[in-house]
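**Q** Can you read through this structure? Questions will come right after.
Listed below in structure tokens is the structure:
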């Protein structure tokens with residue numbers, strides 16, 4: 001077959017990146033710090049994702065966990081859940097992988113969120129993408145009001161970024177609470193689903209923005225609890241998981257009815273998807 | 281004048297000449313049906329075919345194609361198939377589908393793999409002569425097409441009207457320079473063929489105009505028809521396989537035996553297949569057959585049209601009607617049924 005190479009034009013061609021750090025987080029998740037070999041910044045906005053390729057294995061969409069305020073490298077949290085992510089887990093510092101992106105919409109850190117109180121509602125691995133926004137807010141602290149971070153996991157050993165969370169919690173005008181579905185012998189904190197953290201929350205609905213990201217089952221209940229505080233769909237943002245296979249609105253896998261999660265998402269204003277039947 | 285009146289002998293000589301100079305893909309018999317394939321000589325070409333088993337999209341988005349090669353030292357290198365060809369004998373409804381795909385693959389993010397093949401193609405459309413058993417292009421406004429291709433051939437009586445539309449079409453027609461120009465009355469007769477085909481290509485009686493599909497589908501989201509029909513669905517994906525406007529795909533890596541090089545390939549995929557919307561951890565966002573069945577219809581009649589200027593992503597070729605083992609895929613039956621509730 002006659003072929004020519006026109007790499008620079010190809011939306012599907014990954015750019016090489018090098019693993020700087022690979023550290024275990026939990027039994028399922030590893031933390032990776034990467035640097036693009038071209039030397040350029042990734043240029044992500046909080047909440048966006050990249051397509052990660054492992055040579056010879058394949059490609060998978062992974063949300064970027066680091067804030068763009070962090071320069072020189074970027075970070076991913078990868079759950080070992082399939083062929084590609086298993087291969088990523090085996091990578092060591094110095095190993096190469098392929099990166100396309102960043103793709104998709106972002107949490108409105110420079111839009112609606114600015115000047116507001118922020119509530120972050122994170123379930124399990126949902127903390128990974130939301131962390132990019134939390135750190136963005138922490139690095140531009142004067143631009144935002146009170147920050148509430150709620151984190152729920154199935155059990156204590158599944159919690160991510162335990163040390164970083166302590167650092168957030170110690171900051172001025174930051175409230176951090178966490179819960180687990182099932183405790184263990186050492187657990188002295190809250191037990192129960194994440195909405196149990198939301199019952200006594202004091203919210204000024206007019207000047208608050210909520211960010212919700214977690215497993216599919218969490219959204220409906222978390223949003224109901226936010227509604228009870230007086231918040232409306234216009235001030236709630238959700239990040240929705242789908243299989244964003246191509247990242248460029250072609251392959252069809254990530255469609256939520258008519259919406260492409262890879263382009264019109266993964267971050268949606270809840271008002272825009274509340275009536276979309278496949279969304280939540 | 282770029283419209284020629286050509287008799288069968290001249291047409292045959294011309295096409296034989298083309299097959300010697302160009303890479304020609306043409307419609308040929310395959311058992312008692314028809315398929316596009318490399319054409320060696322004019323005698324094999326069947327311009328009297330009713331419908332091909334697979335649509336011509338296979339030459340722009342092949343069932344399996346290499347997107348790039350990779351190796352451990354140099355990373356990923358794009359592979360773009362860049363080789364001119366003539367696609368001979370495309371029916372108007374399939375041409376309408378190709379034009380829709382052109383929009384999909386070029387808008388927003390430009391797909392260099394599809395678009396390079398597309399730019400390399402000189403397309404010869406032929407007006408339908410023999411009508412296939414399940415076609416309803418006459419109802420979809422795609423029984424004839426006046427633009428977007430390079431050459432149009434229309435059989436009138438025993439002769440053929442050959443109309444060069446573009447520069448590349450006209451240059452292919454240099455071999456017909458000695459043929460007489462078509463008279464005005466012949467060109468008028470072609471309009472009659474178009475009118476005739478609009479009536480003939482209606483093997484199923486669509487009671488709702490395509491313009492009403494988006495609204496009908498939106499309002500019919502909870503119609504029991506999805507469940508009823510999907511109950512019989514095998515989730516085999518035959519309907520998406522034969523559809524000229526289906527383009528969903530999967531991307532995979534194939535590694536060579538040295539384990540350090542290989543190819544990234546793109547293969548056809550389809551939203552009717554069970555795992556299409558499954559994510560890591562085995563959560564399937566469209567696990568019910570009825571949800572997948574409905575999604576395909578909404579895609580054709582509502583979601584894709586919003587991306588391509590309102591055109592319905594069904595051109596009425598009828599291939600899905602023929603291919604569906606469970607006999608549930610007929611879009612005309614589904615749309616008529618949704619309209620009943622009006």
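Chains as they are written, first to last, in our numbering: chain A, 1 to 280; chain B, 281 to 622.
Using N, Cα and C, we set each Cβ at its ideal position, and we do this for glycine too.
What you are looking at is a predicted structure, and each value in this text was computed from that prediction instead of being measured.
1) Grab me the residues of residue 1(A)'s own chain with a C-beta within less than 7 Å of its C-beta, minus the 5 sequence neighbours each way, in chain order.
2) Report yes or no: is there a C-beta of chain B within less than 9 Å of the C-beta of residue 7(A)?
3) On the DSSP bridge assignment, give the partners of residue 315(B) in chain order.
4) Buried or exposed for residue 5(A), going by 16 or more other Cβ atoms inside 10 Å?
5) Output the boundary residues of the beta strand (DSSP E) element that contains residue 229(A).
6) Would residue 392(B) pass as a contact of residue 435(B) if the rule is Cβ separation under 9 Å?
7) Helix or strand or just coil, what does DSSP make of residue 356(B)?
8) Using beta carbons (cut-off 9 Å, strictly below), is residue 127(A) in contact with chain D?
9) Between the beta-carbon of residue 84(A) and the beta-carbon of residue 54(A), is there less than 9 Å?
10) Shortest alpha-carbon distance to residue 362(B) belongs to which of 308(B), 394(B), 503(B), 415(B)?
11) Which full runs of the beta strand (DSSP E) of 3+ residues lie inside the segment 356–400 of chain B, going along the chain?
12) Using a Cβ-Cβ distance cut-off of 9 Å, determine whether residue 2(A) contacts chain B.
13) Going along the chain, which residues of the segment 341–352 of chain B sit with their C-beta nearer than 7 Å to a C-beta in chain A?
14) Name the residue from 141(A), 234(A), 160(A) whose alpha carbon lies nearest to the alpha carbon of residue 128(A).
15) In chain order, what residues of the segment 490–511 of chain B put their CB closer than 7 Å to some CB of chain A?
16) Inspect the beta-carbon positions of residue 349(B) and residue 541(B) and report whether they are closer than 9 Å.
17) For chain B, is any of its Cβ atoms less than 9 Å away from the one on residue 241(A)?
18) Is there a C-beta anywhere in chain A that falls below 9 Å from the one on residue 579(B)?
19) Quick check: what's the CA-CA separation for residue 275(A) versus residue 456(B)?
20) Please decide whether residue 222(A) counts as near chain B, where near means a Cβ-Cβ distance under 9 Å.
21) With 9 Å set as the bound, which would you pick, yes or no: does the beta-carbon of residue 368(B) sit closer than that to a beta-carbon of chain A?
22) Express the C-alpha separation of residue 552(B) and residue 516(B) in angstroms, rounding to a whole number.
23) Report back the beta-carbon spacing between residue 294(A) and residue 249(A) to the nearest angstrom; my notes put them in contact at under 8 Å.
24) Look at the Cβ atom of residue 46(A), then the Cβ atom of residue 100(A), and state whether they are nearer than 9 Å.
25) How far does the alpha helix (DSSP H) with residue 450(B) in it reach, from first residue to last?
26) For residue 14(A) and chain B, any beta-carbon pair shorter than 9 Å?
27) Between residue 116(A) and residue 209(A), which are expected to be in contact by the criterion C-beta below 8 Å, what is the C-beta distance as a whole number of angstroms?
28) Strictly below 8 Å CB to CB, what residues from chain A border residue 531(B)?
**A** Answer, in terms of the structure:
1) Reading the first chain from its first residue, position 1 is the one you call residue 1(A). The predicted model places residue 1(A) with a pLDDT of 41, which falls under 50 and marks its position as unreliable, so this point remains unresolved.
2) If you number the first chain from 1, residue 7(A) lands on position 7. Any reading at residue 7(A) is ruled out, since the residue's pLDDT is 44, under 50, leaving its predicted position unreliable.
3) For the purposes of this step, residue 315(B) is taken as the residue at position 35 of the second chain. Its beta-bridge partners are 308(B).
4) Position 5 of the first chain, counted from the start, is the residue given in the question as residue 5(A). No answer about residue 5(A) holds up, because its pLDDT of 46 lies below 50 and its placement is not dependable.
5) By 1-based counting over the first chain, the position of residue 229(A) is 229. Here residue 229(A) belongs to no beta strand (DSSP E), and DSSP marks it neither H nor E.
6) In the second chain, counting from the first residue as 1, residue 392(B) sits at position 112. In the second chain, counting from the first residue as 1, residue 435(B) sits at position 155. Not a contact, by the Cβ cut-off of 9 Å.
7) Taking the first residue of the second chain as position 1, residue 356(B) is located at position 76. Strand, per DSSP.
8) Considering every chain present, this structure includes no chain D. Its protein chains are A and B.
9) Numbered from its first residue, the first chain carries residue 84(A) at position 84. Numbered from its first residue, the first chain carries residue 54(A) at position 54. Yes, they are a contact pair.
10) Taking the second chain and counting its residues from 1, the one referred to as residue 362(B) is at position 82. Looking at the Cα atoms, 394(B) is the closest of the given residues.
11) 365–370
12) Start at 1 with the first residue of the first chain, and residue 2(A) comes out as number 2. Here residue 2(A) scores only 42 on pLDDT, less than 50, and its place in the model should not be relied on; the value that follows carries that caveat. By this cut-off, residue 2(A) is an interface position.
13) 347, 348, 350, 352
14) Here residue 128(A) refers to the residue found at position 128 when the first chain is read from its first residue. If we check each option's Cα against that of residue 128(A), 160(A) comes out closest.
15) 501
16) Walking along the second chain from the start, residue 349(B) turns up at place 69. Walking along the second chain from the start, residue 541(B) turns up at place 261. In contact: residue 349(B) and residue 541(B) (Cβ atoms closer than 9 Å).
17) Along the first chain, one-based indexing puts residue 241(A) at 241. Chain B contact via Cβ: present.
18) Walking along the second chain from the start, residue 579(B) turns up at place 299. So, interface residue.
19) Start at 1 with the first residue of the first chain, and residue 275(A) comes out as number 275. Start at 1 with the first residue of the second chain, and residue 456(B) comes out as number 176. Their Cα atoms are separated by approximately 59 Å.
20) Along the first chain, one-based indexing puts residue 222(A) at 222. It does not: the Cβ of residue 222(A) has no partner Cβ on chain B nearer than 9 Å.
21) One-based indexing of the second chain puts residue 368(B) at position 88. Not closer than 9 Å to any Cβ of chain A, the Cβ of residue 368(B) fails to qualify, so no.
22) In the second chain, residue 516(B) corresponds to position 236, counting from 1. In the second chain, residue 552(B) corresponds to position 272, counting from 1. If you take the alpha carbons of residue 516(B) and residue 552(B), they lie about 7 Å apart.
23) Since the first residue shown for chain A is 1 and the last is 280, residue 294(A) is missing from the structure and cannot be characterised.
24) By 1-based counting over the first chain, the position of residue 46(A) is 46. By 1-based counting over the first chain, the position of residue 100(A) is 100. The answer is no: Cβ separation not under 9 Å.
25) Position 170 of the second chain, counted from the start, is the residue given in the question as residue 450(B). Looking at the DSSP string, the run of the alpha helix (DSSP H) that includes residue 450(B) is 447–452.
26) Translated into positions along the first chain, residue 14(A) becomes position 14. Taking Cβ atoms only, chain B reaches closer than 9 Å to residue 14(A), which makes this a yes.
27) As a position in the first chain, residue 116(A) is number 116, starting the count at 1. As a position in the first chain, residue 209(A) is number 209, starting the count at 1. Contact holds; Cβ gap of about 5 Å.
28) Numbered from its first residue, the second chain carries residue 531(B) at position 251. Under the 8 Å cutoff, chain A gives 12, 58, 59, 245, 246, 251.
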